[in-house]
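**Q**
Residue numbers (the numbering used here): 1 to 576.
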């Protein structure tokens, strides 16, 4: 435990005492409805508070003005109607010992007029945003005054709703960052020009917020440490912004990220998945912390306790943003405090959580099926009432391992059959591409848990009818997975599957055609692996782009890598 003592040191911000350094940063899992916290969302946040998180930042990108849209299920702080709903959420979080804040945002050019009361998106300048595809209207003086007032009123509502503070979003290409960045601010009035003038609008917002909530209330700012584009803010610019705002006395903490979301690739850098190393932007928070004397938070992909502790001990930050880590395991902090590090379900960086938000179905996690389903699937598996059952599970891929784990934790006697000589199933193929090796965390955690629970694991044993019946089971779970389907192709006997290639079961010639018939990782991973081994590779897909069904961050990275490796892609072609 001494190794992690730094993570459990309290942090004081004004009169607010945070019990430890674990931070669930502001994000939007798309669980809310009608601009109000749904019961599903409340349970999702409370579970992390139960699990020991110090600060729960809620309401990612909470709307402050009528032109703000709700495409990710944002909360609506534009009217006083939100106050009792916020009070319910804050009281329930406080009952679990967590400090809670709300993030306020105006999306600027990232808004959608067709999803927000048919009101035009507004921005510092009429510069199109290619990800959300808006053509914003340049803000006039009355727009600026109106939005400043809107931020202030929204912050007041958060205080009335019992929240301990607010964080104003000045990142991810939202409005205030839009004013800061020379890439998006082309104004010639007092809000454009050099950096001092481009900072003016944000300072006006924070003055109004501070006046609305009072001097004793915690107000923070999330900002980039580098926009990661040549036309944008540099690290030096960002440090200067942080120093100016901290020196104004208007803010009490700074939360640091990277990027601006200018395009699809830069948006992928805002919320990086496993293609980027863990804690890749830690140097950005460290650079800003060296310039200011208020607490610094970090909000980009720190997933393990060793990295988190090092970040605090070495003075890179004060609060460790571990949002995706808490999606994978909301009880991360509690388990670590109890000395149960091996029981922590670590985030693999798959970004399924983000993909499901963008798909409109709400955050889900490949590591943890209970996340977002707390009302019907508890994070802590309860013991079963009544007689112990004998459960036989056929197949030790992720599904079979999970069935075995849950059954064993329920108190049942479990036998797990696996025909192969190891557990994990298809996950092993997914890890063959070097930069995706962390996906192995899915089966590694499950294997540790089933062994800890005393599951009878029988490797190299096929679950035949005779073998299963010989166990005299009460319950049989079939989790044998699928197999590649090639026989729909004319001449299929001359084809091999991605499994064959990634497993090394077949020798591959010099000239290879890879067909992407699923839009998932298998084909593009196989193609990249073969290209890395010197094969001449072409990829064919019936979709309009490669890997159509991947999370957009992964898809854009594959597109970039294919371009760099000169792998040709033929789209809109059905192989028969």
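Even for Gly, the Cβ is constructed at its ideal location relative to N, Cα and C.
I need the DSSP call for residue 249, collapsed to helix, strand or coil.
**A** Counting from 1 along the chain shown, the entry for residue 249 is found at position 249. Coil at residue 249, not helix or strand.
**Q** Given 8 Å as the limit, is there contact between the stretch 484-503 and the stretch 396-415, that is, 3 or more CB pairs closer than that?
**A** Segments in contact, no.
**Q** Going by C-alpha to C-alpha distance, which of 200, 133, 124 and 159 sits closest to residue 183?
**A** On the chain shown, residue 183 is found 183 positions in, with the first residue counted as 1. The shortest C-alpha separation from residue 183 is found at 124.
**Q** Would you list the one or two residues that DSSP bridges to residue 58?
**A** For the purposes of this step, residue 58 is taken as the residue at position 58 of the chain shown. Bridge partners of residue 58: 102.
**Q** When you compare only the Cα positions, how much space is there between residue 614 and residue 145?
**A** Beyond the ends of the chain as shown, which are 1 and 576, falls residue 614; an answer cannot be given.
**Q** What's the C-alpha gap between residue 107 and residue 254?
**A** Taking the first residue of the chain shown as 1, we reach residue 107 at position 107. Taking the first residue of the chain shown as 1, we reach residue 254 at position 254. Approximately 19 Å, taken between the alpha carbons.
**Q** Hey, could you find the ends of the beta strand (DSSP E) residue 459 is sitting in?
**A** As a working note, residue 459 is residue 459 in the chain shown. Its beta strand (DSSP E) spans residues 456-459.
**Q** Suppose you measure from the CA of residue 156 to the CA of residue 213; what does that come to, to the nearest Å?
**A** Stepping through the chain shown from its first residue, residue 156 is reached at position 156. Stepping through the chain shown from its first residue, residue 213 is reached at position 213. When rounded, the distance between both Cα atoms is 5 Å.
**Q** If contacts are defined as beta-carbon pairs under 8 Å, then residue 576 and residue 438 qualify, I think. What distance do you get, rounded to the angstrom?
**A** Taking the first residue of the chain shown as 1, we reach residue 576 at position 576. Taking the first residue of the chain shown as 1, we reach residue 438 at position 438. Not really, about 37 Å apart at Cβ, beyond 8 Å.
**Q** Taking residue 395 as the reference, give the member of 421, 379 and 381 with the closest Cα.
**A** Residue mapping note: residue 395 aligns to position 395 of the chain shown, counting from 1. Ranking the options by Cα distance to residue 395, first place goes to 421.
**Q** Give the DSSP bridge partners of residue 217, in chain order.
**A** Within the chain shown, the letter at position 217 stands for residue 217. Per DSSP, none; premise fails for residue 217.
**Q** Quick check: what's the CA-CA separation for residue 532 versus residue 426?
**A** Counting from one through the chain shown, the residue named residue 532 turns up at place 532. Counting from one through the chain shown, the residue named residue 426 turns up at place 426. Straight-line Cα distance between these residues: approximately 21 Å.
**Q** Can you check which of these residues, 517, 459 and 291, is closest to residue 615 by C-alpha distance?
**A** Residue 615 lies beyond the residue range present for the chain, which begins at 1 and ends at 576; the question has no answer from this structure.
**Q** So residue 296 is in the beta strand (DSSP E); what residue range does that whole segment cover?
**A** The residue you call residue 296 lines up with position 296 of the chain shown. From DSSP, the beta strand (DSSP E) with residue 296 extends over 296-298.
**Q** Report the partner residues of residue 548 according to the DSSP bridge assignment.
**A** On the chain shown, position 548 is the one that residue 548 refers to. Answer by DSSP bridge pairing: none, since residue 548 is not bridged.
**Q** With burial defined as no fewer than 16 other Cβ atoms inside 10 Å of the residue's Cβ, what is the status of residue 216: buried or exposed?
**A** Here residue 216 refers to the residue found at position 216 of the chain shown. Exposed.
**Q** Pair every Cβ in the stretch 75-90 with every Cβ in the stretch 170-189, then say whether three or more of these pairs are closer than 8 Å.
**A** Result no; under three Cβ-Cβ pairs closer than 8 Å.
**Q** Note down, in chain order, each residue of its chain lying with its Cβ closer than 6 Å to the Cβ of residue 500, except the 5 sequence neighbours on either side.
**A** By 1-based counting over the chain shown, the position of residue 500 is 500. The answer, listed in chain order, is 506.
**Q** Is residue 224 closer than 8 Å to residue 192 when the C-beta atoms are compared?
**A** For the purposes of this step, residue 192 is identified with residue 192 of the chain shown, where counting begins at 1. For the purposes of this step, residue 224 is identified with residue 224 of the chain shown, where counting begins at 1. No, these two residues do not count as a Cβ contact at 8 Å.
**Q** In terms of residues, what are the limits of the alpha helix (DSSP H) holding residue 157?
**A** If you number the chain shown from 1, residue 157 lands on position 157. Its alpha helix (DSSP H) spans residues 141-160.
**Q** Roughly how many angstroms lie between the CA atoms of residue 387 and residue 558, to the nearest whole one?
**A** What you label residue 387 is simply residue 387 of the chain shown in a count that begins at 1. What you label residue 558 is simply residue 558 of the chain shown in a count that begins at 1. Answer to the nearest angstrom: the Cα atoms are 51 Å apart.
**Q** Does the separation of the CB atoms of residue 393 and residue 471 fall below 8 Å?
**A** Residue numbering aside, residue 393 sits at position 393 when the chain shown is read from its first letter. Residue numbering aside, residue 471 sits at position 471 when the chain shown is read from its first letter. Going by C-beta atoms, residue 393 is not nearer than 8 Å to residue 471.
**Q** I'd like the list of long-range same chain contacts for residue 522, defined as Cβ closer than 6 Å, with 5 residues on each side in sequence excluded.
**A** For the purposes of this step, residue 522 is taken as residue 522 along the chain shown, with counting starting at 1. These residues qualify, in order along the chain: 498.
**Q** Based on DSSP bridge pairs, tell me the residues matched to residue 506.
**A** As a first step, residue 506 must be located in the chain shown, where it is residue number 506. Partner(s): none; residue 506 has no beta bridge.
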